[in-house]
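Protein chains in written order, with the working numbering: chain E, 2 to 582; chain Z, 2 to 582.
Some notes on the structure that comes next.
Number of protein chains: 2
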Amino acid sequence: MKASQFFISTLKEAPADAEVVSHKLMLRAGLIKKLSAGIYNYMPMGLRVIRKVEAIVREEMNRAGAVELCMPIVQPAELWQETGRFDAMGPELLRIKDRHGRDYVVQPTSEEVVTDIARQELHSYKQLPKNFYQIQTKFRDERRPRFGLMRGREFIMKDAYSFDRDPAGAQASYQAMAQAYRRIFDRFGLRYRAVAADSGAIGGDLSEEFQVIAATGEDAIVYCPQSDYAANMEKAEALAPQGPRPAATQPLQKVPTPGKSTCAEVAELLGVPLASTVKSLVLATDRTSEAGDIIDTQIWLLLLRGDHDMNEVKVGKVPGLDQGFRFATQSEIEAHFGCKPGYLGPIGLQKPVKVVADREVALMADWICGANEEDHHLRGVNWVRDLPEPDAVADLRNVVAGDRSPDGKGELAIERGIEVGHVFYLGTKYSRAMNATFLDENGKPRHFEMGCYGIGITRLPAAAIEQNHDERGIIWPDAIAPFTVVICPIGMERSEAVRAAAEKLYADLCAAGIDVILDDRSERPGAMFADWELIGVPHRIVLSERGLKEAQVEYQHRRETAAVKVALADILAHLQGRMGA
Amino acid sequence: MKASQFFISTLKEAPADAEVVSHKLMLRAGLIKKLSAGIYNYMPMGLRVIRKVEAIVREEMNRAGAVELCMPIVQPAELWQETGRFDAMGPELLRIKDRHGRDYVVQPTSEEVVTDIARQELHSYKQLPKNFYQIQTKFRDERRPRFGLMRGREFIMKDAYSFDRDPAGAQASYQAMAQAYRRIFDRFGLRYRAVAADSGAIGGDLSEEFQVIAATGEDAIVYCPQSDYAANMEKAEALAPQGPRPAATQPLQKVPTPGKSTCAEVAELLGVPLASTVKSLVLATDRTSEAGDIIDTQIWLLLLRGDHDMNEVKVGKVPGLDQGFRFATQSEIEAHFGCKPGYLGPIGLQKPVKVVADREVALMADWICGANEEDHHLRGVNWVRDLPEPDAVADLRNVVAGDRSPDGKGELAIERGIEVGHVFYLGTKYSRAMNATFLDENGKPRHFEMGCYGIGITRLPAAAIEQNHDERGIIWPDAIAPFTVVICPIGMERSEAVRAAAEKLYADLCAAGIDVILDDRSERPGAMFADWELIGVPHRIVLSERGLKEAQVEYQHRRETAAVKVALADILAHLQGRMGA
Chain E
2 MKASQFFIST LKEAPADAEV VSHKLMLRAG LIKKLSAGIY NYMPMGLRVI
52 RKVEAIVREE MNRAGAVELC MPIVQPAELW QETGRFDAMG PELLRIKDRH
102 GRDYVVQPTS EEVVTDIARQ ELHSYKQLPK NFYQIQTKFR DERRPRFGLM
152 RGREFIMKDA YSFDRDPAGA QASYQAMAQA YRRIFDRFGL RYRAVAADSG
202 AIGGDLSEEF QVIAATGEDA IVYCPQSDYA ANMEKAEALA PQGPRPAATQ
252 PLQKVPTPGK STCAEVAELL GVPLASTVKS LVLATDRTSE AGDIIDTQIW
302 LLLLRGDHDM NEVKVGKVPG LDQGFRFATQ SEIEAHFGCK PGYLGPIGLQ
352 KPVKVVADRE VALMADWICG ANEEDHHLRG VNWVRDLPEP DAVADLRNVV
402 AGDRSPDGKG ELAIERGIEV GHVFYLGTKY SRAMNATFLD ENGKPRHFEM
452 GCYGIGITRL PAAAIEQNHD ERGIIWPDAI APFTVVICPI GMERSEAVRA
502 AAEKLYADLC AAGIDVILDD RSERPGAMFA DWELIGVPHR IVLSERGLKE
552 AQVEYQHRRE TAAVKVALAD ILAHLQGRMG A
Chain Z
2 MKASQFFIST LKEAPADAEV VSHKLMLRAG LIKKLSAGIY NYMPMGLRVI
52 RKVEAIVREE MNRAGAVELC MPIVQPAELW QETGRFDAMG PELLRIKDRH
102 GRDYVVQPTS EEVVTDIARQ ELHSYKQLPK NFYQIQTKFR DERRPRFGLM
152 RGREFIMKDA YSFDRDPAGA QASYQAMAQA YRRIFDRFGL RYRAVAADSG
202 AIGGDLSEEF QVIAATGEDA IVYCPQSDYA ANMEKAEALA PQGPRPAATQ
252 PLQKVPTPGK STCAEVAELL GVPLASTVKS LVLATDRTSE AGDIIDTQIW
302 LLLLRGDHDM NEVKVGKVPG LDQGFRFATQ SEIEAHFGCK PGYLGPIGLQ
352 KPVKVVADRE VALMADWICG ANEEDHHLRG VNWVRDLPEP DAVADLRNVV
402 AGDRSPDGKG ELAIERGIEV GHVFYLGTKY SRAMNATFLD ENGKPRHFEM
452 GCYGIGITRL PAAAIEQNHD ERGIIWPDAI APFTVVICPI GMERSEAVRA
502 AAEKLYADLC AAGIDVILDD RSERPGAMFA DWELIGVPHR IVLSERGLKE
552 AQVEYQHRRE TAAVKVALAD ILAHLQGRMG A
């Protein structure tokens with residue numbers, strides 16, 4: 002490609018509403034252009050990156066035996082009503098009425114349509130396993146679209162769906178996809194981690210997220226440097242402390258803590274570690290009639306160590322809380338605790354409350370909690386002596402760095418990641434809802450065992466940039482760079498020698514199958530270099546009249562700070578040696 | 002590709018609602034699968050065809066210097082309000098409200114968005130000309146979607162938009178696209194015609210449709226076998242007859258024609274050629290106030306020869322009718338003609354009516370028309386003697402086969418076509434509406450001169466099938482076949498010799514870069530052959546134990562009725578000789 006025949010549009014400054022570096026750089030480098038909130042034009046430079054991402058995904062999906070098809074973007078509501086998602090999904094599901102008033106949705110994902118295809122097309126166990134995938138535009142009407150392609154409303158996703166005859170087959174399909182994903186992410190040339198994710202009630206451990214490591218990532222990912230344990234924060238288990246609960250050493254004592262309503266304030270006031278305080282979180286569960294009226298409400302008190310954070314996914318698995326819970330209202334709290342939030346605790350309750358202690362809290366002694374009296378806390382609190390054992394003990398919290406690894410092989414560390422892929426065992430959730438069956442060896446209808454597998458095609462470039470950039474701009478891995486090599490001739494418009502050499506080098510690199518762009522725009526060197534450093538093309542070759550007199554060009558990798566001189570005759574070999582390095 | 006790793010799904014019978022042969026065959030061959038009215042899944046076999054169409058279009062667009070980008074499917078209404086199309090377009094424009102109640106549309110085309118990009122990105126004449134294109138999903142909420150991908154609601158279109166500094170530049174961009182389109186359609190391997198189309202008020206002659214010739218086509222296309230004249234029916238000019246109007250030879254006479262309200266019935270009753278009758282069509286034009294109230298209405302009488310059809314596009318260019326017209330109501334007709342339709346004519350009007358005669362009628366003598374009296378016609382009607390010359394004479398009719406070619410080089414012929422591409426000079430219609438300007442050499446802002454260029458990516462395969470099929474199924478041109486070659490081994494599951502030879506041949510063809518599928522499904526030969534004839538793969542190689550004993554295979558082109566024996570050692574060369582043939 003020659004720059005004069007392409008479209009290059011760079012900006013000195015990013016628009017003010019771009020918050021994260023990838024968003025800023027994608028706008029500045031002219032990869033994308035905002036059309037509306039969370040909706041972007043993929044500009045020529047950005048589309049090249051997206052197409053390279055797609056090509057790698059497609060190759061590896063095909064290699065793994067998946068078959069590509071393409072499902073419609075506009076899908077009839079009937080199918081979404083079969084699974085209940087038409088009503089269950091919130092306003093992220095973009096709903097449309099057509100000219101005849103019929104309901105449609107813009108696909109956010111395609112479980113319903115692919116299951117509809119399977120129930121019509123996959124009649125027999127002999128046709129299984131089958132894995133259908135598409136690379137297709139999706140829409141999710143995010144409440145707060147932000148960060149450019151990171152959390153857009155319209156985006157491109159690769160979504161694959163496997164159909165198997167039994168759970169063992171589904172597990173094999175799942176593993177084949179997890180393997181393919183490793184190959185895909187290896188090929189992208191990004192640092193990533195495959196982490197265990199929560200699979201809800203269905204899948205046991207068959208759910209993994211593929212996270213691109215980046216300090217700016219939205220997700221906390223947990224891993225053990227001493228082993229291959231890795232999980233996302235929702236999933237990572239906090240083991241119970243080792244050893245028994247220590248004996249009480251302090252008397253129970255009510256202390257005034259005027260205006261100190263947080264554990265941190267209380268710990269500071271009392272001069273004790275935050276880890277000796279316990280926070281009280283009050284939840285409620287409602288029992289409802291078939292008509293949806295509330296029959297009765299149970300109030301729950303969750304106790305976590307002051308320095309720990311609640312993990313909602315884990316709380317949602319506590320028996321009694323696993324059918325849905327909410328935070329208690331102020332009036333419910335006052336009725337049960339006789340006190341407003343900030344000074345709550347498990348001792349001296351006004352009405353029955355179920356107490357669930359985090360594993361850590363259950364083994365604490367001499368702890369501090371609210372006294373259920375405004376401006377007062379209790380210290381020296383001890384189980385059994387001061388209050389009964391909790392109704393339940395569970396893992397309620399997020400792990401923190403230094404926690405023991407669940408596999409017992411070391412201590413957990415935490416880093417940030419950006420989720421760009423997900424493999425998930427679905428079981429028969431959709432096949433049952435849509436009565437999608439095949440005939441087994443005995444001629445009996447059975448529900449498909451399904452898995453689903455996504456890659457955020459348009460999010461991937463944003464994640465790659467979050468991981469790979471510097472103050473000058475983007476640094477693309479070779480595999481997904483818009484161009485692998487840029488030729489920057491200096492003074493091409495003045496020097497016939499430079500022009501001829503540049504054109505010849507360009508032709509040679511094209512002939513060698515290298516994805517090269519020749520910058521024939523006649524920009525000044527400074528502006529030209531700044532453009533390509535911003536755009537992030539990994540390999541740059543500079544031709545100048547002076548260099549050519551010595552039959553030399555300058556080569557510089559985007560990650561390096563200085564250029565090296567290379568004989569013009571050797572540049573192709575030099576480049577090939579550096580590419581993919 | 003091996004069939005066992007792909008997805009093949011053929012049907013003996015097409016669903017009852019499939020009317021045209023391409024729709025039937027696409028369903029039967031498993032290329033597409035209906036999801037909703039006018040909305041189809043592109044199944045794996047069909048997607049391969051679509052991707053090949055896309056690849057050819059993309060290569061030729063790039064070669065012509067167009068730059069690919071990708072615009073959003075969901076587009077904000079604001080831009081569509083700037084051009085007025087948000088209100089002007091009918092319900093084909095699918096309108097959406099997002100979660101915040103903001104208006105969006107699903108793109109049916111992208112003039113607004115691309116013009117918005119241009120006005121932000123193309124600042125200077127130095128950046129021009131520029132041609133942006135995308136290959137992207139579109140949606141038009143057709144009132145009556147039908148014929149499968151021929152007139153679907155969701156479809157894939159390649160849409161390109163050129164931006165130029167002046168009309169001469171725009172004309173050059175237009176011609177470059179028209180050339181690229183010829184290359185594209187040549188490469189598809191289809192018989193097609195580029196025909197002049199009506200460009201409305203803007204573009205002079207700069208509008209051409211690319212029509213795939215097919216007896217079942219919806220469009221009539223007009224051409225001159227003796228020259229390169231070709232136009233669509235809307236555009237093709239009917240020349241005035243040569244020579245002067247003949248003299249009157251018959252007296253004016255009122256004849257009873259009870260119950261005979263059509264020209265054909267009257268001609269039959271009177272025993273005269275249909276071409277001696279004149280039909281009367283009554284139109285109305287309303288003058289309205291700014292508030293939209295009708296101030297007054299003009300009634301028009303159009304006179305066409307009884308065997309000719311009115312051409313609405315041409316009528317819409319008659320001065321006075323060129324701001325919009327409608328058919329007159331029954332009561333308007335009765336008020337002006339004193340008679341109900343079926344017996345109308347230009348003689349003896351009750352109120353003033355503007356009379357427009359087709360060029361042909363203006364030169365007729367001794368003609369027949371309604372008497373403005375129920376059950377009566379006039380015969381022997383002659384201009385000047387019996388009624389004044391018409392208020393206007395114009396080309397009002399569709400041409401018919403045998404008419405003189407407008408280029409004077411022969412007689413017109415008519416065939417049917419399917420429109421799959423369109424190149425169109427837009428002028429400044431959109432750039433003015435959206436105030437999209439660039440700075441010219443003098444630093445003055447000027448509106449872009451634009452062109453737009455579409456190819457119906459998903460309609461193309463349907464058109465190809467309408468043109469290329471037989472009673473056994475589809476016959477793909479090599480360039481867009483889902484697979485170019487199919488290897489059909491007979492008894493592969495029993496014979497190790499067949500299996501080994503098939504696998505080796507498959508590997509050899511893959512290595513030669515041939516897009517081949519090996520049918521390793523172990524189907525019976527009859528079913529296997531029927532599948533591939535239905536699917537339409539152009540080149541078939543059959544391997545059998547008997548043939549292999551003589552080191553021979555059978556080759557058959559899909560268009561041929563018999564196979565030829567080819568030495569196994571020669572089959573690659575034989576195939577290469579036949580491919581693209």
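Don't be surprised by glycine CBs; every beta carbon is placed ideally from N, CA and C.
Item to complete: Report yes or no: is there a C-beta of chain E within less than 9 Å of the C-beta of F439/Z?
Response: no
Worksheet item: What does N42/Z touch in chain E if you count any residue whose Cβ is under 8 Å from its own?
Response: L70, C71, M72, P73, V114 and I118
Practice prompt. Would you mind telling me which residues of chain E sit closer than 7 Å to G66/Z, beta carbon to beta carbon, in chain order?
Written response: The answer, in chain order, is Q6.
Item to complete: Please report how far the alpha carbon of G583/E lies from the alpha carbon of L150/E, in whole angstroms.
Response: The first residue shown for chain E is 2 and the last is 582, placing residue 583/E beyond what the model contains.
Worksheet item: Going along the region 510-528 of chain E in order, which residues come within less than 8 Å of chain Z, judged by CB to CB distance?
Response: none
Discussion item. Measuring alpha carbon to alpha carbon, tell me which residue in G422/Z, F328/Z and F148/Z is nearest A285/Z.
Written reply: Selected option, being the one with the closest Cα: F328/Z.
Worksheet item: For the region 318-355 of chain E, which segments carrying the alpha helix (DSSP H) assignment without a break, of at least 4 residues, lie completely within its bounds, in sequence order?
Response: 331-338
Worksheet item: Just checking my contact of R541/Z with Q557/Z at CB under 8 Å: how many whole Å lie between their CB atoms?
Response: So it is a contact: roughly 5 Å between Cβ atoms.
Item to complete: Could you tell me whether the region 433-443 of chain E touches the region 406-422 of chain E, where touching means 3 or more Cβ pairs closer than 8 Å?
Response: no
Fill in: DSSP state of S545/Z mapped onto helix, strand, coil
coil
Worksheet item: Listed in chain order, which residues of the region 79-94 of chain E have Cβ atoms closer than 9 Å to some Cβ of chain Z?
Response: E79, L80, G91, P92 and E93
Practice prompt. May I ask you to list the residues that DSSP assigns as paired with M158/Z?
Written response: The partner list for M158/Z (beta bridge, DSSP) reads Q137/Z and G457/Z.
Item to complete: Would you decide whether A119/Z is buried or exposed? Buried here means 16 or more other CB atoms lie within 10 Å of its CB.
Response: buried
Worksheet item: For the putative contact between L70/Z and L48/E, defined by C-beta atoms under 8 Å, what is the C-beta separation to the nearest angstrom?
Response: 6 Å
Item to complete: Using a Cβ-Cβ cut-off of less than 9 Å, list which residues of the region 132-154 of chain Z approach chain E; keep chain order.
Response: F133, Q135, Q137, T138, F140, D142, E143, R144 and R154
Practice prompt. Inspect the beta-carbon positions of A393/E and A402/E and report whether they are closer than 9 Å.
Written response: no
Discussion item. For a test of the three-state rule: what should DSSP assign to S163/E, helix, strand or coil?
Written reply: strand
Worksheet item: Taking Cβ-Cβ distances shorter than 8 Å, what residues in chain E pair up with L461/Z?
Response: At a beta-carbon threshold of 8 Å, none of the residues of chain E lie near L461/Z; the nearest stands roughly 15 Å away.
Worksheet item: How many Å lie between A465/E and E313/Z at the Cα?
Response: 56 Å
Fill in: Neighbour list for R184/E in chain Z, Cβ cutoff strictly below 8 Å
For R184/E, no chain Z residue has a C-beta closer than 8 Å to its own C-beta; the minimum C-beta separation is roughly 17 Å.
Practice prompt. Using the Cα positions of D441/E and T11/Z, report the straight-line distance between them to the nearest angstrom.
Written response: 21 Å
Worksheet entry | CB contact check: E122/Z to chain E, cutoff 9 Å | yes
Item to complete: Take R166/E and list the residues in its own chain whose beta-carbon comes closer than 6 Å to its own, dropping the five residues that flank it on each side.
Response: In its chain, beyond the 5 residues on either side, Y126 and L129 have a beta carbon closer than 6 Å to the beta carbon of R166/E.
Worksheet entry | Cβ-Cβ distance between L95/Z and M72/E below 9 Å | no
Fill in: Contacts of P77/Z in chain E (Cβ-Cβ under 8 Å)
L36, S37 and I40
Discussion item. Tell me the residue span of the alpha helix (DSSP H) that contains W368/Z.
Written reply: No alpha helix (DSSP H) holds W368/Z; the beta strand (DSSP E) holding it covers W368 to G371.
Practice prompt. Step through the CB atoms of chain E and report whether any lies within less than 9 Å of the CB of Y224/Z.
Written response: Taking 9 Å as the threshold, the shortest C-beta distance from Y224/Z to chain E does not fall below it.
Discussion item. Can you tell me whether A221/E is helix, strand or coil according to DSSP?
Written reply: strand
Worksheet item: Within 10 angstroms of its Cβ, does P483/E collect 16 or more other Cβ (buried), or is it exposed?
Response: buried
Fill in: Given 8 Å, three or more beta-carbon pairs between the region 501-510 of chain E and the region 568-578 of chain E
yes
Item to complete: State buried or exposed for G102/E, treating a residue as buried only when at least 16 other CB atoms are found within 10 Å of its CB.
Response: G102/E sits exposed, since fewer than 16 C-beta atoms from the chains shown fall within 10 Å of its C-beta.
Discussion item. When you compare the CB positions of S277/E and A268/E, do they come within less than 9 Å of one another, or not?
Written reply: yes
Worksheet item: Tell me which same chain residues have a C-beta within less than 6 Å of the C-beta of K355/E, skipping the five on either side of it?
Response: W301 and D392
Worksheet item: In three-state DSSP terms, what is G381/Z?
Response: Taken through DSSP and simplified to helix, strand or coil, G381/Z comes out as strand.
Worksheet item: Can you name, in chain order, every residue of its own chain whose Cβ lies under 7 Å from the Cβ of E238/Z, other than the five neighbours on each side?
Response: D396 and P407
Worksheet item: When the Cα atoms are used, what is the spatial distance from L253/E to P347/E?
Response: 13 Å
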